[in-house]
Amino acid sequence: MCARRRPGTPDGPDTPDTMADPVADPMAGKTRFDDIYDLPDPRSYFSRLAPYEYEIPHHAQGVFRRTLAARRAGSPPGPRGDGAGDGFTVLDLCCSYGINAALLNHDLTLADLYAHYAGPETAELSTSELIDLDKEFYAARRRPDAVRLVGVDTAANATAYALAVGLLDEAYAENLERVPPSPGLARAMSGVGLITVTGGIGYVTHRTFDALLDCVRLPPWVSAFVLRTVPYDRIAQSLAAHGLVTASDPARTFPQRLFTSAEEQRDAVTRVRALGLDPAGLEAAGRYHTRLHESRQRPGCPA
1 MCARRRPGTP
11 DGPDTPDTMA
21 DPVADPMAGK
31 TRFDDIYDLP
41 DPRSYFSRLA
51 PYEYEIPHHA
61 QGVFRRTLAA
71 RRAGSPPGPR
81 GDGAGDGFTV
91 LDLCCSYGIN
101 AALLNHDLTL
111 ADLYAHYAGP
121 ETAELSTSEL
131 IDLDKEFYAA
141 RRRPDAVRLV
151 GVDTAANATA
161 YALAVGLLDE
171 AYAENLERVP
181 PSPGLARAMS
191 GVGLITVTGG
201 IGYVTHRTFD
211 ALLDCVRLPP
221 WVSAFVLRTV
231 PYDRIAQSLA
241 AHGLVTASDP
251 ARTFPQRLFT
261 SAEEQRDAVT
271 RVRALGLDPA
281 GLEAAGRYHT
291 RLHESRQRPG
301 CPA
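Using UniProt numbering, you'd call the opening residue of the sequence shown number 1 and step up by one each time.
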């Protein structure tokens, strides 16, 4: 989620029929859902996105679990001494209401979350009542291998909700495109072994990754799902400067959601082609698609 606009970008309406420079402003033609990103709870988020079949957290769930297992396997036991999971932290960048945290650490699917938040059982609850319900809802489904999780997003209400219901161990409503990490976030970075992101690349840039990785001596792994309309080269260069090698399979994509309009689709197809990619069967068929970029230490470097 994170900042909907880059620093210095006007907040006026998007103009999807006139594609901006895909590097300078890669999100200009993408429909904005600003009204649902920072509410006191996630019910409107799920009910609004359901018709567009927003699904990337579903695809990320298994990937993040496998990447986390691989990362833990190369980590020393934590400070409490009871195995590879302790003392290890995942940082979810652009965490919004803690959706990736919910799916990573609990026996739940994205379909379960849609049913829970967009269904009739929670529709009439106040936010405080929903928070009380969700504390029990998530506690009852907590996985035994759950990892410590820190969330970063500019949306203060969304991160506060995720913290209140126990999805996040720490939450930081900070815009790292504009300002350095707070002392608390800088301290939290010392235990981070993996950074995950599903929806933020393009709203956040290499500046955010530099700000986070400048806080640590050994960089964490990064697992990022990135829209094919958004270039990732500049971020990969920054990660390389911190000792991380980025790999991606261009032949494998993951659907994100349906387009909201013909104009949004037209913009996406144009941007994909401008980046030298083929939209046939993907964006041309009606959905945004992402690629997975995995960044890890160079061979021979400490994990």
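Backbone N, C-alpha and C define an ideal beta-carbon position, used for all residues, glycine too. Remember, it's a predicted structure, so these values are computed and weren't measured experimentally.
With a cutoff of 9 Å on beta-carbon distance, Leu213 and Leu239 are scored as near each other. Between Thr198 and Pro57 the beta-carbon gap is near 6 Å, inside 8 Å, which marks them as a contact. Taking the Cα of Phe259 as reference, the smallest distance to any Cα among Tyr288, Cys95, Gly193, Ala211 is reached at Tyr288. Distance between Asn157 and Asp38, taken at the CA atoms: about 5 Å. A direct Cα-to-Cα measurement between Arg48 and Glu283 gives close to 21 Å. Around the Cβ of Val179, a 10 Å sphere holds fewer than 16 other Cβ atoms; the residue is exposed. For Glu177, the secondary structure class from DSSP, reduced to helix, strand or coil, is coil.
The closest CA to that of Asn175, considering only Gly276, Val152, His116, Pro51, is found on Val152. Looking only at Arg217, Pro181, Ala285, the smallest Cα-Cα distance to Gln297 is reached by Arg217.
Buried is the label assigned to Gln61, since at least 16 other Cβ atoms lie within 10 Å of its Cβ. Leu292 and Ala224 have their alpha carbons spaced roughly 6 Å apart.
Here Arg148 is buried: its Cβ has 16 or more other Cβ atoms, across all protein chains shown, within 10 Å.
The closest CA to that of Thr208, considering only Gly193, Thr154, Arg71, Ser96, is found on Thr154. By DSSP's assignment, Pro255 forms a beta bridge with His289.
In terms of CA proximity to Glu177, Val204 leads the group Arg187, Val204, Pro42. For Thr89, no alpha helix (DSSP H) encloses it; the enclosing beta strand (DSSP E) starts and ends at 89–93. Within the same chain, Cβ atoms closer than 7 Å to the Cβ of Gly166 are found at Lys135, Tyr138, Ala139, the five residues on either side in sequence being excluded.
Per DSSP, the beta bridge partners of His106 are Arg142.
Arg296 is bridged by DSSP to Val245. Annotated three-state conformation of Tyr97 is coil, per DSSP. Contact annotation, Asp92 with Thr196: C-beta distance approximately 5 Å; criterion of less than 8 Å satisfied. A distance below 7 Å between beta-carbons, with the five flanking residues on each side excluded, links Pro279 to the following residues of its chain, in chain order: Val269, Val272, Arg273. Around the beta carbon of Arg187, a 10 Å sphere encloses fewer than 16 other beta carbons of the protein chains shown; the residue is thus reported as exposed. Judged by their CB atoms, Thr159 and Cys215 are not nearer to each other than the 9 Å cut-off.
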